[in-house]
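See below for the structure under consideration.
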Amino acid sequence: MSSFFQWKIFLQDTGGGQTYLQWLISAWGWTLAVSFCSWAIAIIVGVFIGIIRTLPNKFLLFIGNTWTEVFRNIPLIIQIFIWYHVIPSIFLSLRQVPPFILVVIALGFFTSARISELVKAGMESLSKGQLQAGLALGLTRSQTYRYILLPLAFRIIIPPLTSESMNIIKNSSVAFAVSISELTMFALQAGEETSRNIEIFFATTFLYFVSAFAVNRLALYIENRLKLPGAIGGAR
Amino acid sequence: MIEIKNVSKWYGDFQVLNDCTSSINKGEVVVVCGPSGSGKSTLIKTVNALETIQKGEIIVNGTSLTDPATNLSKLRSTVGMVFQNFELFPHLNVTENLILAQMKVLNRTQNEALSRGLKMLERVGLKDHKNKFPGQLSGGQQQRVAIARALSMDPIIMLFDEPTSALDPEMVGEVLDVIVKLAKEGMTMMCVTHEMGFAKNVSHRVIFMDEGKIVEDTKTDEFFGDLGARTPRAKDFLSKIIRH
């Protein structure tokens, strides 16, 4: 075993004043930072776009549909390259923007298109009577959305929203393409430097798995907390 | 109190309401009946503008619904509505269902809303269920909560859209009892229903609809009393109902 797995490699100095373990941890930090920031953008933009796609306004509907189709139908890595290479050469002022921000925007917008689909589907799964009941009580449409329809739709879409949140951690690996020093970048570079791909990729894979799994457990906890008494599978 | 003047509505090419005219006075109980697809539910939903109309005018308590300057939300808060499928908010418990609109629309404090809501809950006989969620109540109980929710807003009129159609036969009675009590207390109401016994005993007037038209708008005694004087369509409808 000891000849197959040489974990001591992680205590070795990279030549840059830190061990591979320290590099691994910092790379994990970058992965989590990219994921979390993208996720925040994806949720805010995705929920907003999803909502305007359910309103009786043709212009907003067009904007929402276009947004969703554009960001959903282009491969993620191409979108990242566009943000990194194409857009700064059109808008020169964007050259100063750090790649981290560009990656977060790219991954955030890409995921927002998918979240907007979830929000729209969740809203459409509610009966039209709920909207009518809210309006009939004198609530405005935005009050009805805020207090009734969105809380109900949110409960319905927690499971697929969880998948998207896990996907964002996994998709953050494409950030290595624009030189963000995250886990995948670490795995490729450290693997090359040390020639210990087994240990390096084992550790990297493990950290991806742990991160996504933690998100999954957290979402499961939230889902259980929000279950409605009397609903199918709900609390009693 | 409510005036419906020459109202027409189309879904695409299909005309659902055809030149409907009627009115409802304060304290009056009006039953709307007719075969499925005759436009009853659509008509009642036009009265609080849940359904828009393309032609004609509806005036509720002096305010025209077709006037673009009308604040529809404000107007709807004065018109109580009870739906066929109850439409309680499933993520809120009974109390929260009762106080939400009172606080957000009428700007009542939580205490005011609570005391009003619980009073109405007592009126429908469900005070002990105030902390339950809609999913934990029977259909009849849910519908009674929905009535209490509408009453908490102190409406000037109540609209009932087939309030007992989705209920088990055993539960129809408990809901009708509540509605009858309201009617006896002088609440103005418009009720779409197939419960002809209820129509006969409680209502003052019957509106009979067919194919989007108001075919008859008659005093209840006449409607059920003198079958010979009915239009052929109403006669056919009544004879089928009375036979069973």
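Chains as they are written, first to last, in the working numbering: chain U, -1 to 234; chain S, 3 to 246.
The beta-carbon is built from N, C-alpha and C at its ideal position, and this holds for glycine as well.
These numbers come from a predicted model, not from an experiment.
In this structure the region 26 to 44 of chain U lies against the region 166 to 184 of chain U, because at least three pairs of beta carbons, one per stretch, are closer than 8 angstroms. Take W81(U), set aside five residues on each side of it, and the residues of its chain with a beta-carbon closer than 7 angstroms to its own are L100, I103, A104, in chain order.
Judged by beta-carbon spacing, M211(S) lies within the 9 angstroms limit of G41(S), meaning their Cβ atoms are closer than that value. The beta-carbon distance between V107(S) and G136(U), rounded to whole angstroms, is 4 angstroms. This is short enough to meet the 8 angstroms contact definition. The C-alpha of N27(S) lies about 58 angstroms from the C-alpha of G106(U).
Taking 9 angstroms as the CB threshold, S123(U) stays off the interface with chain S. Shortest Cα-Cα distance from E221(U) to any of W28(U), Q128(U), K6(U), L150(U) involves L150(U). Contact between the region 137 to 155 of chain S and the region 82 to 92 of chain S is established, with three or more Cβ pairs separated by less than 8 angstroms. Spanning the alpha carbons of T54(S) and T48(S) requires a straight line of approximately 6 angstroms. In terms of Cβ geometry, V18(S) and G214(S) form a close pair [threshold 9 angstroms]. Contact annotation, I159(S) with M191(S): C-beta distance approximately 7 angstroms; criterion of less than 8 angstroms satisfied. Sequence-ordered contacts of the region 127 to 144 of chain U with chain S read G127, Q128, Q130, A131, L133, A134, L135, G136, L137, T138, Q141 [C-beta pairs closer than 7 angstroms]. DSSP, reduced to helix, strand and coil, places Q17(S) within a strand of the structure shown. Scanning R223(U), F204(U), R112(U), F211(U) for the CA closest to the CA of I23(U) turns up F204(U). Contacts between L102(S) and chain U, judged by CB atoms closer than 7 angstroms, involve Y145 in chain order.
In the three-state DSSP reduction, F85(S) falls in the coil class, being neither helix nor strand. One Cα belongs to Q104(S), the other to L184(S), and the distance between them is close to 20 angstroms. Counting C-beta pairs with one atom in each stretch, the region 112 to 121 of chain U and the region 41 to 58 of chain U have three or more that are closer than 8 angstroms, which means they touch. Interface criterion met: the Cβ of V81(S) is under 9 angstroms from a Cβ in chain U.
Scanning the region 23 to 52 of chain S from its first residue to its last, the whole alpha helix (DSSP H) runs of 4-plus residues come out as 42 to 48. Within the model, the alpha-carbon separation for L186(U) versus S179(U) is close to 10 angstroms. Taking a Cβ-Cβ cut-off of 9 angstroms, the neighbours of L150(U) in chain S comprise F91, P92, H93, given in sequence order. Inclusion of L120(S) and L139(S) in the CB contact set at 9 angstroms is not warranted, their separation being larger than that value. Taking 9 angstroms as the cut-off, the Cβ atoms of A217(U) and I154(U) do not count as close. Taken in chain order, the complete alpha helix (DSSP H) segments of 4 residues or longer contained in the region 148 to 231 of chain U are 148 to 169, 181 to 192, 195 to 224. Assignment of I4(S) by DSSP, reduced to helix, strand and coil, places it in the strand class.
In the DSSP assignment, V208(S) falls within the beta strand (DSSP E) that extends over 207 to 212. Scanning chain S for C-beta atoms nearer than 8 angstroms to the C-beta of R153(U) yields H93, reported in chain order.
Contacts with chain S at 9 angstroms (Cβ-Cβ) do not include L74(U). Y18(U) counts as buried, since at least 16 other C-beta atoms from the protein chains shown sit within 10 angstroms of its C-beta.
For V194(S), the enclosing beta strand (DSSP E) covers residues 191 to 194. Contact note: P158(U) does not reach chain S at a C-beta cutoff of 9 angstroms; the least C-beta distance is about 19 angstroms. Take E176(S), set aside five residues on each side of it, and the residues of its chain with a beta-carbon closer than 6 angstroms to its own are G142, in chain order.
Close partners of K106(S) in chain U (Cβ separation under 8 angstroms): L137, Q141, Y145.
Of the residues assessed, P157(S) falls on the buried side of the cut-off, its CB having 16 or more other CB atoms within 10 angstroms.
Within the region 31 to 54 of chain S, the residues whose Cβ lies closer than 7 angstroms to some Cβ of chain U are N50, L52, listed in chain order.
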